[in-house]
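Single-structure report; data block below.
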Amino acid sequence: MSTYATDLVEFTSDAALAIGTDSKVMAWNALAQRLLGYAPSEVIGRYCCDVLQATLPGGEPLCHPDCDVLRSFRDCIPYNVPSCRLRHRSGKWVMASISSVAISGRTRQLHDDKIMAIIFLREGATAIPVLRRHMLHVFTLGGFGMAIGGHSIDIGKWKRKQAVTLLKYLITQLDRPVHRERLIDCLWPDADEKQGWGRLKVTMYCLRQELRANGISDDALKTIDNAYLLRRDSIWVDTHVFERLDTEGQTLQKQGQWSDALHRYNEARHLYRGDYLEEDTFSDWCAEERERLRERYLETLTRTAECHAELGQYAEAAHICRKALVFDPCRENFHCMLMAYLVETGRPDLALVQYRHCVEVLAREFGAEPLPETQRLYQQILDGGDSAQISG
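Each residue of the sequence shown is one higher than the one before, starting from -11 at the first, in this note's numbering.
In structure tokens, the structure reads:
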């Protein structure tokens, strides 16, 4: 452990932690333990986002693998959050404010240290002004939300609710021009061309006003002939980071780097709080994207379980399969994987119970039987086959 980091954290009047350039906790003081319940031995060496699990008051994740906080620290810029929720060891939420000291590269070299920042946690909220240099963060996985510079944007106060829907549509088509006729058909399907065009102009004007009020540059939303385009480089969107992390995990998995791949997959899973724009369940314009991302999430869970199994962590692999089956009970491949992992943990009895549950679910939902390979797996377990036979 770094003596420099420990000293900086220990001799402060607030709950504090030090994080390194790898985003892991390097030091944790007694006041942080009092605030969040974790002893230093429980958090040092863990990723800070896994420990704090911070969200903004509106529910938008503040702590995640590609968060604004870490990106600011890497640029040697301090970051402040006037109000957020931190996860206590007991599972309860603690309201707090965050302030920080970003450690310069020169200071790191001077102390031959990897410390990146000191984070101070103070119970309650403080009045800290928003810094407009931060990028707009948009959260679409689960409930829709936006934040900038550690502040939630209250879209419930927007004057025109259709401006929110318009923004969601443009985010779904990010970096692609969307013709005005498509937007009119989506927002006002019963309006004639003249009415629709008039409403779109007013709604677009309101959207630009709201974005401008939150420090977003006017050129983020471009007009191209009779189409509109929201620039990818103007905002941060959780779906893009989710997919990037999953892709990085796949590359590492193919290289046999199971632990590193698992870390990427867990980071991706952290971002998937729910289905894409789940509040717009009955909207056709986002249904295809929702289903595509849902399938990708399930594939991520499959690969997560596989990495756990490669590391001999069969109980963890089984836990991931159960999580997937809560998400989609009819996924037969997860029933099979769970059965095999239960055998590996020495519980073939539970594997047989799982098969019977699979039979019931498929019969109830589809009036179908399990696939032949699932039935063969069941028979192997019933016959007392060893784990090598079953996994093969």
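A virtual CB, placed ideally from N, CA and C, is assigned to each residue, including glycine. Note that this is a predicted model, so its numbers are computed, not measured.
Proximity below 8 Å, CB of residue i to CB of residue j
| i | j | result |
| --- | --- | --- |
| Ala249 | Leu233 | no |
| Asp180 | His125 | no |
| Glu48 | Ala135 | yes |
| Arg168 | Asn214 | yes |
| Thr(-6) | Ala15 | yes |
| Ala84 | Gly46 | no |
| Ala42 | Cys72 | yes |
| Gly133 | Ser140 | yes |
| Gly138 | Ser78 | no |
| Ala3 | Leu23 | yes |
| Cys309 | Leu365 | no |
| Gly237 | Arg252 | yes |
| Asp207 | Arg196 | no |
| Arg284 | Tyr264 | no |
| Leu162 | Arg220 | yes |
| Thr281 | Ala306 | Per the sequence presented here, residue 281 reads as Leu, with Thr not at that position. Not closer than 8 Å, so no. |
| Cys295 | Gln241 | yes |
| Phe270 | Leu129 | no |
| Trp273 | Thr160 | yes |
| Asp316 | Leu359 | no |
| Leu40 | Arg75 | yes |
Local conformation of residue i per DSSP, three classes
| i | result |
| --- | --- |
| Ile116 | Interpretation of Ile116 is limited by its pLDDT of 47, a score under 50 that renders its predicted location unreliable; the figure taken from the coordinates is listed afterwards. If DSSP states are grouped into helix, strand and coil, Ile116 belongs with coil. |
| Gly237 | helix |
| Phe230 | helix |
| Phe315 | helix |
| Ile204 | coil |
| Asp72 | What sits at residue 72 in the sequence shown is Cys, not Asp. Reduced to three states, the DSSP call for Cys72 is strand. |
| Trp81 | strand |
| Met325 | helix |
| Leu44 | coil |
| Ser60 | helix |
| Ile65 | coil |
| Lys147 | coil |
| Met(-11) | Interpretation of Met(-11) is limited by its pLDDT of 47, a score under 50 that renders its predicted location unreliable; no figure is taken from the coordinates. |
| Lys102 | coil |
| Trp246 | helix |
| Leu188 | helix |
| Trp224 | strand |
| Ser29 | helix |
| Glu111 | strand |
| Thr211 | strand |
| Ile86 | strand |
| Gly93 | helix |
| Cys36 | helix |
| Tyr260 | coil |
| Ser176 | First, the amino acid is wrong: residue 176 is Trp here, not Ser. Note: Trp176 maps to coil in three-state DSSP. |
| Ile7 | strand |
| Ala135 | strand |
| Ala356 | coil |
| Leu158 | helix |
| His251 | helix |
| Leu129 | strand |
| Pro336 | helix |
Buried/exposed call for residue i, threshold 16 Cβ in 10 Å
| i | result |
| --- | --- |
| Ser247 | exposed |
| Ala201 | exposed |
| Ala339 | buried |
| Ile212 | exposed |
| Tyr216 | buried |
| Asp226 | buried |
| Pro70 | buried |
| Asp268 | buried |
| Phe127 | buried |
| Ser92 | exposed |
| Gly184 | buried |
| Lys156 | buried |
| Arg120 | With a pLDDT of 46 at Arg120, under the threshold of 50, the modelled position of this residue cannot be trusted; read the value that follows with caution. Classification for Arg120: exposed. |
| Pro117 | For Pro117, the predicted model reports a pLDDT of 48, less than 50, meaning its position is unreliable; a value from the coordinates is still stated below. Exposed, since its Cβ has fewer than 16 Cβ neighbours within 10 Å. |
| Asp371 | exposed |
| Ala18 | exposed |
| Leu350 | buried |
Same chain, Cβ closer than 7 Å to residue i, neighbours up to 5 away in sequence not counted
| i | result |
| --- | --- |
| Glu353 | Cys318 |
| His52 | Cys37, His258 and Leu259 |
| Thr9 | Lys102 and Met104 |
| Cys194 | Lys147, Arg148 and Ala151 |
Residues near residue i by beta carbon distance below 8 Å, same chain, minus five either side
| i | result |
| --- | --- |
| Asn321 | Thr290 |
| Pro66 | Ser60, Ser87, Ser88, Val89, Ala90 and Ala105 |
| Gly33 | Lys12 and Val13 |
| Gln363 | Glu357 |
| Leu158 | Val166, Leu209, Tyr216, Leu217 and Leu218 |
| Val314 | none |
Residue i Cβ short of 7 Å to the ligand ATP heavy atom set
| i | result |
| --- | --- |
| Ala84 | The ligand ATP is absent from the structure shown, which contains no ligands of any kind. |
Other residues of its chain near residue i: CB distance less than 6 Å, five sequence neighbours each side excluded
| i | result |
| --- | --- |
| Trp224 | Met123 and His125 |
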